[in-house]
Structure formats: structure tokens, C-alpha cells
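Take a look at the structure below.
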Amino acid sequence: MKMNLVQAINLALKQEMEKYPSVILLGEDIGKDGGVFRVTEGLWQQFGDDRVIDTPLAEVGIIGTSIGLAIAGMKPIAEVQFDGFSMSMLDQLYNHAGRMRKRSQGKWHVPLVFRVPHGGGIRALEHHSESLEAFFTHMPGIKVVTPSGPYNAKGLLISSIRDPDPVVFLEPKRVYRAIKEEVPEEEYTIPLNKAEVVQEGSDITVIAWGAMQKVVREAVAQSKYSVEIVDLLTLYPVDRKTLIDSVKKTGRCVVVQEAPRTCGYGAELVATINEKALLNLEAPVQRVTGYDVPVPLPKLENYYIPDATRINKAIENVMSF
Amino acid sequence: MKMEMFQILNEEGKIVNTRDMPKLTNDEIKAMYEYMVLSRAFDDVALKLQREGRMLTYASLLGQEASQIGSALAMHKEDWFAPSFRENGVFITLGFPMDALYQYWAGDERGMTIPEDMNALPVAVPVGTQIPHAVGLAWASKLQGKKSVAVVYFGDGATSKGDFHEGMNFAGVFKIPCIFICQNNQWAISVPRKRQSASDTLAEKAFSYGFEGVLVDGNDVFAVYKVTKDAADKARAGKGPTFIECYTYRMENHTTADDWKKYRDPAEVEMWKRKDPVERLRKYMESEGIWNENYEKGVWEKAKVKVAEAVKKFEAVEPPKPTDMFEDVYAELPEELEEQKKDFE
Ligand SMILES: Cc1ncc(C[n+]2csc(CCOP(=O)(O)OP(=O)(O)O)c2C)c(N)n1
Ligand SMILES: [Mg+2]
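These protein sequence lines map, in sequence, to chains V and B.
In the working numbering, each residue carries its 1-based index in the first sequence increased by 668.
In the working numbering, each residue carries its 1-based index in the second sequence increased by 12.
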């Protein structure tokens with residue numbers, strides 16, 4: 669069936685809830701209202717108040733109780749309404765979710781999933797447009813997953829739900845309704861350490877994830893170069909083999925990231941490429957990123973988020989190095 | 013814990029509590045009414061502009077005018093104001109330019125330029141996060157031997173957050189001149205008040221922090237004015253904080269991105285319509301002989317003209333420059349950012 673990313677996630681949640689009674693959803697306005705992005709639409713009606721839980725307005729409570737629920741054998745899928753409001757939850761994620769296995773000498777683990785509508789581009793209010801993947805990937809013990817379209821969203825979410833470790837699941841909110849794809853009704857999984865070469869090419873590798881995938885694909889559609897596009901899908905643990913093989917083949921690379929530049933996830937990729945493929949490079953790897961400023965409100969937002977012009981300019985720079 | 017709801021003006025516009033009725037001149041009462049009408053006119057046009065795509069997501073204050081204007085009028089010029097995102101009525105009453113408010117809600121951050129002589133914080137979107145800031149502002153005023161207080165606004169939903177607990181606790185422990193105005197409008201988007209707390213009232217929470225909580229009819233402008241003024245006098249006298257629960261109702265959608273029909277009973281909305289704060293004051297003024305049809309027409313016309321002027325002014329503003337995003341991030345732009353800014357040359 670053709671569906672968008674919202675419907676694909678909704679279907680994955682529904683099927684996993686039907687299959688596993690321990691799966692419960694926690695969040696704000698996820699019940700009768702179906703979530704502010706309608707991702708949980710219909711689930712409260714099907715599964716009731718005990719499994720689709722509108723919590724008090726308290727993000728630390730949501731993630732903190734999810735940790736306890738998970739340790740005690742439930743499978744909580746916690747939602748935060750918008751990326752910016754996840755900042756208060758970092759304490760629980762960093763100090764507890766990611767370390768419980770270690771701190772309890774392997775006795776307890778925290779198999780929760782934390783769903784985060786992520787990134788900008790929807791003309792929203794302040795704090796509704798943040799790209800925070802680097803905060804999460806910097807936390808030992810936590811996996812970080814980010815789909816780029818409906819098909820991979822369903823498979824990745826099912827894998828995340830079945831994973832024994834805490835998974836932060838970053839949903840590119842500007843893609844929620846922007847792409848429709850064929851998504852199988854039956855369940856399938858996509859492993860949490862596999863990147864995808866979505867377009868083969870021989871001149872240059874462009875690496876992107878989440879919402880930036882769509883931007884990259886559109887940007888290079890008319891490129892005069894043979895561009896290879898890698899979609900990371902899982903940011904931690906990242907599929908280093910796929911991206912290094914690609915860079916070794918093309919010898920050139922551009923990394924595209926929506927988040928601010930400094931200490932962004934892209935910097936980690938560049939370091940990895942330098943460590944593993946420096947001698948294969950024909951030019952320094954370039955980054956296209958947001959700026960080191962608070963994400964501007966909608967009037968200036970489009971100047972902040974990487975676009976086709978900036979991506980093609982970076983490709984040109986690398987090609988003509 | 014059972015708490016009495018403090019009320020002066022009932023739903024029929026009658027004074028039910030003459031003892032506590034503040035001494036207000038007719039002109040002061042009219043000013044209250046006119047600010048409430050102006051806020052309503054501003055709000056109405058904001059919703060219209062949003063529908064036409066001329067503004068972005070907007071949170072209406074419809075139904076909460078008495079809570080906002082009543083409390084704002086009890087503040088002194090030098091007092092601190094820490095808003096959430098629904099306090100346009102307070103902003104307007106304190107003299108914040110309406111064109112700037114529209115500009116801000118249209119996605120242009122230059123609209124949040126706070127006037128020179130106004131001690132206001134910018135709009136806080138992350139729920140409840142402004143509460144400890146206000147406690148800090150008021151604490152500074154105490155440490156500096158000043159008479160100013162801080163007034164912080166937030167909703168029923170915000171009382172669930174740790175920020176609320178920590179702010180309230182500091183205020184109690186250090187006897188800080190902070191006034192907590194909780195507009196309990198019964199809903200946090202689709203989540204009803206009962207889902208935020210199992211306690212009967214929100215006001216009673218204050219007592220566990222060691223200070224006074226007041227439950228007030230939030231659609232009664234006299235009552236809200238009176239309790240806020242008393243709280244401010246008390247704070248100025250060094251007697252510490254007060255928590256005020258304004259019991260009111262969000263008549264509109266949560267924001268323009270919401271549809272209340274998905275989760276609220278229309279009968280509940282109808283019931284609250286009968287408690288309308290503006291209509292209530294109007295009835296009182298009519299019975300006192302300070303309201304008639306002519307006056308009403310004049311008040312609305314004046315309000316509409318002011319609002320129309322604000323719309324014209326905000327829509328005439330030049331769009332911001334892309335490089336504006338680098339302004340006001342640091343006192344001095346670091347070299348790294350200078351370089352990033354060059355992308356726009
Ligand atoms: C920390 C945080 N979580 C979630 C949101 C999304 N959100 C915006 S307003 C709101 C409900 C707020 O309810 P309440 O505090 O009662 O204020 P009201 O909107 O009713 O004025 C929510 C959940 C937010 N802005 N900040
Ligand atoms: Mg509320």
C-alpha cells in the first residue's frame with residue numbers, strides 16, 4: 669500500500685502492539701487527539717487508556733518512568749512532542765537509560781524506544797525545529813536511528829522496538845507527509861547498523877540522513893557528476909563499512925547535516941573517513957551544515973537549513989579541488 | 013483539600029462580595045473593560061491573519077481576558093513580567109506594541125524587541141521553563157533591596173513540570189517576592205486538568221511549599237485584580253510569594269494548529285460561554301450606568317482602528333536579512349561565526 673511516513677509509523681506501532689502486549693505508548697496528546705502530528709491516530713481507540721497513555725505535561729516524568737517500566741519488563745515507546753522539549757530528558761537518557769546495563773553489572777537493561785519528531789522546515793514556533801542527533805549519539809549505551817522515508821521508517825521502528833537497548837528514533841518531521849511510498853502491510857525489519865546506498869555513482873559520495881536525504885536527492889538529480897548517495901539510517905552504531913567503501917570508490921565526499929556545524933554528527937563522519945580512507949581521498953571532505961546560531965524563526969529558517977544550492981556548491985568545490 | 017473560590021463579580025454581573033471589591037474609579041473600570049476589548053480585537057484579527065496565511069501558529073487568549081488584564085493592571089511599572097506563549101493580553105496591557113506582537117507571531121523574531129522601559133522576558137514556548145527564571149528575577153530584587161516583584165504566567169499543564177516544583181520550592185525557602193499566576197484554563201491541548209494532578213485544586217499545592225495559594229474566579233476581573241494586588245503588596249512588604257490559580261477556560265483551539273472538536277464536549281464550551289469575562293463586566297457597568305450601546309460601539313471602533321493600524325504597520329516591515337540570524341547570539345561575534353556569515357556575501 670502507498671503511504672506516508674506518519675502512516676508507516678502508525679502501522680508499525682499498531683502491529684507491534686497487536687503482537688506484544690508489553691508494548692505501551694506514553695506521551696502528551698497521543699490518545700484521543702492522536703498526537704500533534706497524528707502519528708498515534710486511532711491507537712487509543714483500539715488499545716485503550718492503559719496502553720496509549722496521555723501523561724501529565726512532564727517530559728522528565730515520561731522518560732524517567734519509561735526507564736522504570738522498561739526495566740520491569742514493559743516495552744515503553746515514549747514520545748516527545750517536539751525535538752526542543754527533549755533537552756530536559758537528556759539527564760535521564762544519559763545518566764540512566766544508557767548506563768543501567770553497565771551500572772547493574774548486566775542485570776537490568778532499558779529496552780525503551782524514544783520517538784522524537786525532529787528537525788526544521790515546517791514553519792513552526794521556536795524550539796520546534798531543532799536537530800539534536802549529536803546530543804544522542806554522544807551518549808554511550810544508546811542507539812540512534814533516523815529513517816528518511818515511509819518504507820525504512822516502518823522496518824527501522826520494528827527493529828527498534830525489538831532491540832534490547834534504548835533506541836532514540838528521530839522522525840524527520842518535514843518528511844512526515846512529503847513522501848509516499850509502497851510500504852508492505854506485513855511486518856519486516858531493517859537491521860540497526862546498516863546504511864543504504866540509495867544511488868550509485870563514481871565521482872563523489874554524498875552522505876546524509878533523515879530529512880536531508882530528500883534534499884540531497886533532489887539537489888543532485890540534475891548534477892553533471894555521477895553522485896553516490898549514502899543514507900545512514902542508523903547513526904549509532906553507524907555502518908562504517910558502507911560509507912568507507914563508498915568513499916574509497918569515489919575518492920571524494922560531501923557530508924550534509926541540518927544541525928549547527930560545530931561538534932555536529934558530520935564532524936564524526938569526517939574524522940572516521942580521515943582515519944579509514946585518507947589515502948583514497950582526492951580532496952578534503954566538505955560539510956554542508958546549519959550555522960552555529962539558534963534555529964531562526966520561519967522568516968529566516970530557509971536560509972539556515974542546507975538547500976540544493978549549498979549542496980551543489982560544496983560538490984563543485986570538492987570536484988574542482 | 014477543599015478551597016473556596018474567591019469571587020467578587022458573579023456570572024450575572026452582580027457584586028457578590030462588596031467587602032473585597034477594590035476601590036476603583038469609573039474611569040479605572042472602563043480602562044479594564046477597554047483593555048479586555050482591545051485584547052479580544054487583537055486576538056480575533058490574529059486568528060483571521062493566520063487563516064489567511066499572513067501569520068503562523070497562534071495561541072488565542074479568548075476567554076482568559078479577565079485573568080490576564082486583571083493581573084496585569086495590578087503590576088507596577090518596574091515589576092518583572094515572565095510570560096508563557098498565551099499572554100498577549102498582558103503584553104498589550106503593559107504597553108507592548110501590538111504590531112510587534114503580530115510580527116513575532118508571523119515568524120519574525122525582531123517582533124520580540126522588548127521596549128526600553130519594560131521589564132519583560134521574551135515569550136517562553138517550552139512549558140513551565142520560565143517559572144524558575146521569574147523566581148530568580150524576584151530574588152535579585154530582594155537581594156538588591158528593590159521593591160519590584162516578578163509575576164510569572166503559566167498554564168495548568170505547566171504545574172506538572174519539574175521546573176514548576178523547583179521554582180516554587182526556591183520561592184518558599186528564600187521567601188522570594190514572586191507571584192505565580194496559573195491560568196487554569198482546564199486543558200493542556202487535549203489533556204484535561206484532571207490528568208495533570210490528582211489534587212482537588214492547583215492552588216493548594218502552594219501550601220506544601222510553605223506559602224499561600226489562592227483560588228480565584230479567573231473570569232472575574234475584579235477578583236483577579238484584587239488578589240494579584242494583595243499578593244504584590246505582600247511581596248513588596250517582604251512577606252514572600254503567592255500562588256494564584258485563575259480558574260478559567262480556553263474558549264478557542266489550543267493554537268491554530270489544533271481542533272478542539274476532537275476531544276472536547278461542545279456542551280462544556282457552551283457552559284463556559286455563559287461565564288464570559290467581558291460580558292460579565294459589561295453587565296456590571298450597565299447596571300452602574302457607565303455602559304450604553306453608544307459607548308460599546310465607540311470602544312470596539314477604537315479597538316479595531318488600533319488593531320488595523322498595528323496590522324498595517326507590521327505588514328509594512330521589510331523582511332529580515334539572512335545575516336540577522338548571526339545577530340545577538342554573542343556579545344561579540346566569534347571568528348568561527350564571522351566565517352559562517354560569509355556564506356551570505
Ligand atoms: C516542555 C514542553 N512540552 C510540550 C510542549 C508542547 N505544548 C505546548 S503548549 C502545551 C500545553 C500547555 O498547557 P498549559 O500549561 O495548560 O497551558 P495552555 O496552553 O492551556 O495555556 C503543550 C503540551 C511545550 N511547548 N513545552
Ligand atoms: Mg491549560
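Backbone N, C-alpha and C fix where the C-beta goes; we use that ideal spot for every residue, glycine too.
No experiment lies behind these values; they were computed from the predicted model shown.
Residues with their Cβ less than 7 angstroms from any non-hydrogen atom of ligand 2, running along the chain, are B:G167, B:D168, B:G169, B:Q195, B:N196, B:N197, B:Q198, B:W199, B:A200 and B:R262. Distances from the CB of Q80 of chain B to the heavy atoms of ligand 1 are all 7 angstroms or more. Taking a C-beta distance under 8 angstroms as the contact criterion, A821 of chain V and V883 of chain V do not qualify as a contact pair.
Taking C-beta atoms under 8 angstroms as the contact rule, W877 of chain V and T814 of chain V qualify, at a distance of about 5 angstroms. Bounds of the alpha helix (DSSP H) holding V319 of chain B are E305 to E327. Taking C-beta atoms under 8 angstroms as the contact rule, L800 of chain V and D751 of chain V qualify, at a distance of about 6 angstroms. Rounded to whole angstroms, the separation of the alpha carbons of A244 of chain B and A43 of chain B is 20 angstroms. Its Cα nearest to that of V147 of chain B, the residue B:P95 stands out among B:Q62, B:P95 and B:A320.
Within its own chain, the residues whose Cβ lies closer than 8 angstroms to the Cβ of K241 of chain B, once the five positions on either side in sequence are excluded, are P34 and A86, listed in chain order. One alpha carbon belongs to K238 of chain B, the other to F782 of chain V, and they sit about 46 angstroms apart. 8 angstroms or more divides the Cβ of N38 of chain B from the Cβ of F93 of chain B. G934 of chain V does not reach chain B, its nearest Cβ partner there being about 14 angstroms away, counting only Cβ pairs nearer than 7 angstroms. Straight-line spacing of the CA atoms in P840 of chain V and L61 of chain B works out to 28 angstroms.
In the DSSP assignment, N196 of chain B falls within the beta strand (DSSP E) that extends over C190 to N196. Within the segment 136-206 of chain B, the complete beta strand (DSSP E) segments of 3 residues or longer fall at 162-167 and 190-196, listed in chain order. Distance from the Cα of F103 of chain B is smallest, within the candidate group B:T30, B:Y165, B:V28 and B:P189, for B:Y165. Taken atom to atom, the span from the alpha-carbon of R791 of chain V to that of Y959 of chain V is near 18 angstroms. By the CB criterion at 8 angstroms, D111 of chain B and F356 of chain B fall outside the cutoff.
The continuous alpha helix (DSSP H) containing E969 of chain V extends over residues P966 to Y972. Listed along chain B is no residue with a C-beta nearer than 7 angstroms to that of L800 of chain V; the closest approach is about 14 angstroms.
Take L758 of chain V, set aside five residues on each side of it, and the residues of its chain with a beta-carbon closer than 7 angstroms to its own are F803, in chain order. For Y904 of chain V, the enclosing beta strand (DSSP E) starts and ends at T902 to Y904.
By the Cβ test, the segment 185-192 of chain B is in contact with the segment 139-159 of chain B, since at least three Cβ pairs between them sit closer than 8 angstroms. Proximity to D55 of chain B across B:R66, B:G65, B:S72 and B:M48 peaks at B:S72, based on C-alpha coordinates. Proximity of the segment 686-704 of chain V to the segment 717-733 of chain V meets the contact definition, three or more beta-carbon pairs being nearer than 8 angstroms. Interface criterion not met: the Cβ of I193 of chain B is under 8 angstroms from no Cβ in chain V. Taking a Cβ-Cβ cut-off of 9 angstroms, the neighbours of A200 of chain B in chain V comprise E696, D697, P724 and L725, given in sequence order. The Cβ-Cβ distance between L113 of chain B and P966 of chain V does not fall below 8 angstroms. Cβ proximity to chain V below 7 angstroms picks out G119, D120, E121, V137, P138 and V139 from the segment 113-143 of chain B. The segment 835-853 of chain V and the segment 768-786 of chain V touch, with three or more beta-carbon pairs separated by less than 8 angstroms. A863 of chain V places its beta carbon less than 8 angstroms from that of V898 of chain V. Among the residues of chain B, those whose CB is under 7 angstroms from the CB of G752 of chain V are P138, following chain order. For the set B:T30, B:A218, B:V341 and B:A320, the Cα lying nearest the Cα of L50 of chain B is the one of B:A320. Here I941 of chain V carries a helix assignment [DSSP, helix/strand/coil]. For K238 of chain B, the enclosing alpha helix (DSSP H) covers residues V233 to R248.
The criterion of a C-beta distance shorter than 8 angstroms is satisfied by E77 of chain B and R52 of chain B.
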